[in-house]
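Working notes, structure below.
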Amino acid sequence: MKIILFVLILITLSEGIVVKHSIYHVESKKKNLMRNRKWLDYSKKKDQLMKSLRSIKQNVNDYDDAEYLSNITIGTPGQKFVVVPDTGSANLWVPDISCGKDITKVCPSYCYNSVLCKLVCKSECCSDDGEKDLSNCLTKRKFNSENSSTYISNGSKFKIQYGMGSVEGFLGVDIVTLLGDNDELPISNTAFGQVSLMTDDFDGSPADGILGLGFQTLAVDNIMPPIIKAINDNLLDKPIFTVFLQHEGDTEGLGRIGGTITFGDFDSENCNSNINYVPLSSATYWQFKIDSFSINNTKFSKKMDAISDTGTSIIGGPKYMVELLVKEVGGTYDNLFDIYIVPCNATIPDAKIVINGNIYTISGKYLIDDTGFGECMFAMFGINMGGFGPQWIFGDPFINSYCQIHDVGKKRIGFSKPKVN
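So the sequence shown is residues -16 to -1, 1 to 405, counted in mature numbering (1 follows the signal peptide of the UniProt record, and there is no 0).
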């Protein structure tokens, strides 16, 4: 009897947990700037900066379009942060209490060029007035290691380059907790970035930081992502997580639940049980092969790499293909806002994607988005990876259409129809 009881206790102790992690729908930085007629100036700065940084390896990530956020805590007691849960990256970082205090570092080195400075830098960087606060961290929550009893100093420095700017700082180790609706997932001894310098990419965003959900091989400096550490530590019931996104209209502020990430299990509450899995073509991003992409009579039948990316609100594809798809739906390019537009009363045909022999349909209603000033955006953008990385980035329109089952253990991704959307 004692042996049976002991075995039952061991089984109970070895079982992992399942955490339903709510995510919130917000207005993206891009939409906010467009609505306030500031996107053109920002876009010009961005283009100039990209040209000046041509020699620097660029990541896929550009968080201007991010529309879903979630809550985590770091430390003991937990310090709360709002982060972008991002399957298109693999690092966790939040602003440190020191963020923005070293003003001499807030103006990047390229601002020393007087011509370039006027085009891409804050006006304060182009003046001799060193008293003005140039920090992009003012509105962000900041981590204070002195207030955490479980914090361990690491000291290694890190830097991540993004589309418009960068973040840099140093690494720390502490308990990272993913907050659930009725439970939570504390992940002990987790390395994370403490940002001391944050440039324009995150100024004006409601997010404090990024929670990367990709593989460790994608992470800058090979830092183990929290979700991978949780799986390695056998904290979860199964080595998977499911993403369910609800299709929402424009939202200002944080507060409306826009979906759920179920860590440790399949989301049977929101997703149908018929799952089609496809092996990953690269266990870095959540990257897989597609057989074709089409809208109406415009079809591209060739094997291409695509990624599922919760950090992107629209769909990105090879520029020449996207331009032909825009023409197919009767859209045009708006150079004022650097977007493709269609009439708001247009009926957009469905997009069809063939993956591993199965057809996936994105409803046309997910491919049109009201900008709020009398024009509607066609939810695609052109990219040119220069022969490196994925050719397609499947953001919210695809993830709204299909639950994404991320199987870390078997290095595959599955798709199933949501029960309601």
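The beta carbon of each residue, even a glycine, is placed where N, CA and C say it ideally should be.
Nearest candidate by alpha-carbon position, reference Lys4, set Glu168, Phe199 and Thr316: Taking only the C-alpha atoms, the option nearest Lys4 is Glu168.
Taking DSSP as the reference, what is the three-state secondary structure of Leu162? When DSSP states are grouped into helix, strand and coil, Leu162 belongs to the strand group.
is_contact[Phe272, chain D] using C-beta, thresh 9 Å: The structure shown has no chain D; it contains just one protein chain.
Measuring straight from C-alpha to C-alpha, what distance separates residue 406 and Ser385? Given a span of -16 to 405 for the chain in the structure shown, any question on residue 406 remains unanswerable.
Below 9 Å between beta carbons: does that hold for Lys126 and Ile171? A distance of 9 Å or more separates the beta carbons of Lys126 and Ile171.
Less than 7 Å between C-beta atoms, sequence neighbours within five positions excluded: which residues of the same chain meet that for Ser140? For Ser140, where only same-chain residues beyond five positions count, the Cβ hits under 7 Å are Phe154 and Leu155.
What are the boundary residues of the beta strand (DSSP E) that Met182 is part of? That run of the beta strand (DSSP E) goes Glu168 to Met182.
Ends of the beta strand (DSSP E) at Val2? First-last for Val2: undefined, no H or E at that position.
For Ala214, name the three-state secondary structure that DSSP assigns. Note: Ala214 maps to helix in three-state DSSP.
Three-way DSSP call (helix, strand, coil) for Leu122 in this model: If DSSP states are grouped into helix, strand and coil, Leu122 belongs with coil.
Since Val306 is in the alpha helix (DSSP H), which residue starts that stretch and which ends it? Val306 -> alpha helix (DSSP H) spans Lys303 to Glu312.
Taking the straight line between their C-alpha atoms, what separation do you get for Lys349 and Ala290? In this model, Lys349 and Ala290 are separated by some 22 Å (Cα to Cα).
Measuring only the C-alpha atoms, how far is Ala175 from Asp158? Going by the C-alpha atoms only, they are around 7 Å apart.
Beta-carbon contacts of Ser285 that lie in its chain and below 6 Å, excluding the five residues immediately before and after: Exclusion of the five residues before and after Ser285 leaves Ser276 as the residues of its chain whose Cβ lies within less than 6 Å of its Cβ.
Nearest-angstrom Cα distance between Gly62 and Thr161? In a straight line, the C-alpha of Gly62 is about 8 Å away from that of Thr161.
For Cys121, collect the residues of the same chain with a Cβ closer than 8 Å to its Cβ; drop the 5 residues on either side in sequence, then sort them by chain order. Only Pro79, Cys83, Gly84, Val179 and Met182 meet the Cβ criterion.
With three or more beta-carbon pairs closer than 8 Å as the criterion, would you say the region 290 to 299 touches the region 376 to 392? The region 290 to 299, when compared against the region 376 to 392, does touch it at the 8 Å Cβ threshold.
Under 7 Å Cβ to Cβ from Ser133, same chain only, skipping five residues before and after it: list those, please. Thr60.
Length of the line joining the Cα atoms of Leu250 and Ile211: First, the amino acid is wrong: residue 250 is Phe here, not Leu. If I take the Cα positions, the gap works out to 15 Å.
Three-state secondary structure (DSSP) of Ile298: Reduced to three states, the DSSP call for Ile298 is coil.
Using DSSP with H/G/I as helix, E/B as strand and the rest coil, what is Val326? In this structure, Val326 counts as strand in the three-state DSSP scheme.
Between Val306 and the ligand ADP, is the CB less than 8 Å from at least one heavy atom? With respect to the ligand ADP, the structure offers nothing, as it holds no ligand at all.
Who are the Cβ neighbours of Tyr324 in its own chain at under 8 Å, not counting the five residues just before and after it? Excluding residues within five positions, the ones whose Cβ falls inside 8 Å are Val306, Val310, Gly315, Thr316, Tyr317, Asp318, Met361, Phe362, Met364 and Phe365.
Taking the straight line between their C-alpha atoms, what separation do you get for Gln388 and Thr201? One alpha carbon belongs to Gln388, the other to Thr201, and they sit about 21 Å apart.
Counting along the chain, where does the beta strand (DSSP E) carrying Asp275 start and finish? Trp270 to Ile279 is the span of the beta strand (DSSP E), which, as asked, contains Asp275.
Whole angstroms is fine: what's the gap from residue 408's alpha carbon to Ile337's? As displayed, the chain neither begins before -16 nor continues past 405, which places residue 408 out of reach and without an answer.
Would residue 440 and Ile215 be called neighbours here (beta carbons separated by less than 9 Å)? In the structure displayed, the chain extends from -16 to 405; residue 440 sits before or after that span and is not available.
Which term fits Val404, buried or exposed, when burial requires 16 or more other beta carbons within 10 angstroms of its beta carbon? So Val404 counts as exposed.
Go through its chain and collect everything with a Cβ distance to Asp391's Cβ below 8 Å, but skip five positions before and after it. Same-chain partners within the cutoff: Pro223, Ile224, Tyr261, Ile397 and Gly398.
Other residues of its chain near Val326: CB distance less than 7 Å, five sequence neighbours each side excluded: Once the five neighbours on either side are set aside, the close Cβ partners of Val326 are Val313, Gly314, Gly315, Ile332, Ile352, Cys360 and Phe362.
Below 9 Å between beta carbons: does that hold for Gly373 and Tyr8? Their beta carbons are not under 9 Å apart, which means Gly373 does not touch Tyr8 by this criterion.
Go ahead and pull the three-state DSSP assignment for Phe127. The answer is strand: DSSP assigns Phe127 an E or B state.
Residues bridged to Pro209 by DSSP? Pro209 pairs with nothing; no bridge assigned.
Determine the DSSP secondary structure at Lys85, reduced to helix, strand or coil. Looking at Lys85 - three-state DSSP - the assignment turns out to be coil, as it is neither helix nor strand.
Would you report the Cα separation of Pro209 and Ile194, rounded to the nearest angstrom? The straight-line gap from Cα to Cα measures roughly 11 Å.
Residues sharing a beta bridge with Ile352, DSSP: According to DSSP, which records beta bridges pairwise, Ile352 is partnered with Phe362.
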